[in-house]
Amino acid sequence: MAEIDFGTYHHSSLEGSIKVRALVEENMNQVLGNLYPATQKINILDAGCGLGFMVSIAAKHFPYASITGIDIFNHDSLSGSSMEKALQNMKELGIDNRVLLINHNLLTPFTIETKFDLAMSNLVFHNLGKNRFKAYDNVIECLNSGGYFILIDLLPEQYIDMDYFGNSFSTVMEIPITGNGKWDLQMKIFQKI
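The letter at position 129 of the sequence shown is residue 129 when you use the UniProt record's numbering, and the numbering goes up by one with no holes.
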């Protein structure tokens with residue numbers, strides 16, 4: 001099987017993107033087992049799925065999960081991003097039969113009826129600036145009560161974001177992936193109240 005191309009993050013190199021993904025995958029593998037048993041059939045949302053990196057992690061850990069990836073597939077924050085490339089990655093990974101990709105802007109309310117047990121996002125929301133709160137609302141709306149949201153992002157105003165989430169979530173875990181600085185990659189795990 002060919003190496004899967006998950007793209008290069010903006011303000012990064014291919015090597016830097018690969019290093020960040022390795023750190024994210026390591027932390028995700030540690031966290032996912034604490035949320036649901038691997039054999040549980042759950043519905044997962046990847047908000048801003050890009051070329052399917054987070055989808056691939058979730059699919060490996062939860063072999064019976066149904067996964068929905070939502071993205072606009074043409075943002076300059078990820079090089080070479082397209083829905084066709086994401087679909088090709090899903091086929092190469094052998095998970096295309098349980099992954100649904102939807103071309104949709106996170107800032108617009110979701111039109112899907114599915115409620116999710118787990119929502120996740122990697123390096124998406126910081127690109128939305130203050131509009132990220134609209135996107136947060138859309139994710140919150142489609143998450144089941146008791147469901148989890150894993151937010152992996154640069155959170156330069158994390159106290160504002162954490163305060164915002166306090167209305168709908170309890171904080172389960174916080175993991176500094178690349179450090180504790182203002183522009184370091186953070187993982188926040190929330191559970192919907």
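Built from N, CA and C at the ideal position, the CB exists for glycine as well.
Exercise for review: Look at ASP46 and GLY69 and say whether their C-beta atoms are less than 8 Å apart.
Suggested key: Here residue 46 is taken as the residue at index 46 of the sequence shown, counted from 1. Here residue 69 is taken as the residue at index 69 of the sequence shown, counted from 1. Going by C-beta atoms, ASP46 is nearer than 8 Å to GLY69.
Exercise for review: Would you kindly report the start and end of the unbroken beta strand (DSSP E) that includes ASP137?
Suggested key: Taking the sequence shown and counting its residues from 1, one reaches residue 137 at position 137. Note, ASP137: premise wrong, no beta strand (DSSP E); alpha helix (DSSP H) at 132-141.
Check your understanding: Under the three-state reduction of DSSP, which class applies to ALA119: helix, strand or coil?
Key -> In the sequence shown, counting from the first residue as 1, residue 119 sits at position 119. Residue state, collapsed to three classes: strand.
Exercise for review: Let me know the secondary structure DSSP gives GLN30 once reduced to three states.
Suggested key: For the purposes of this step, residue 30 is taken as residue 30 along the sequence shown, with counting starting at 1. Three-state result, GLN30: helix.
Practice item. Would you kindly work out how many angstroms separate the C-alpha atoms of SER66 and VAL99, rounded to a whole number? Key: By 1-based counting over the sequence shown, the position of residue 66 is 66. By 1-based counting over the sequence shown, the position of residue 99 is 99. Cα to Cα, the separation comes out at about 6 Å.
Exercise for review: Could you check the C-alpha separation between MET187 and ILE175 for me, to the nearest Å?
Suggested key: As a first step, residue 187 is located in the sequence shown; it is residue number 187 there, counting from the start. As a first step, residue 175 is located in the sequence shown; it is residue number 175 there, counting from the start. Rounded to the nearest angstrom, the two C-alpha atoms are 5 Å apart.
Point to revise | For LYS85, the nearest candidate out of CYS49, GLU25, ARG21 (CA to CA) | key: Locating residue 85 in the sequence shown gives position 85, counting from the first residue. For LYS85, the nearest C-alpha among the options comes from CYS49.
**Study point:** Pair within 8 Å by beta-carbon distance, GLY147 and LEU106
**Key:** Here residue 147 is taken as the residue at index 147 of the sequence shown, counted from 1. Here residue 106 is taken as the residue at index 106 of the sequence shown, counted from 1. The answer is no: Cβ separation not under 8 Å.
Check your understanding: Exposed or buried, what is LYS19 when buried is set at 16 or more other beta-carbons lying within 10 Å of its beta-carbon?
Key -> Position 19 of the sequence shown, counted from the first residue, corresponds to residue 19. With fewer than 16 other Cβ atoms within 10 Å, it is exposed.
Check your understanding: If SER81 and LEU51 are in contact, beta carbons under 8 Å, what's the gap, nearest whole angstrom?
Key -> The sequence position of residue 81 within the sequence shown is 81, counting from 1. The sequence position of residue 51 within the sequence shown is 51, counting from 1. That pair is a contact at about 6 Å.
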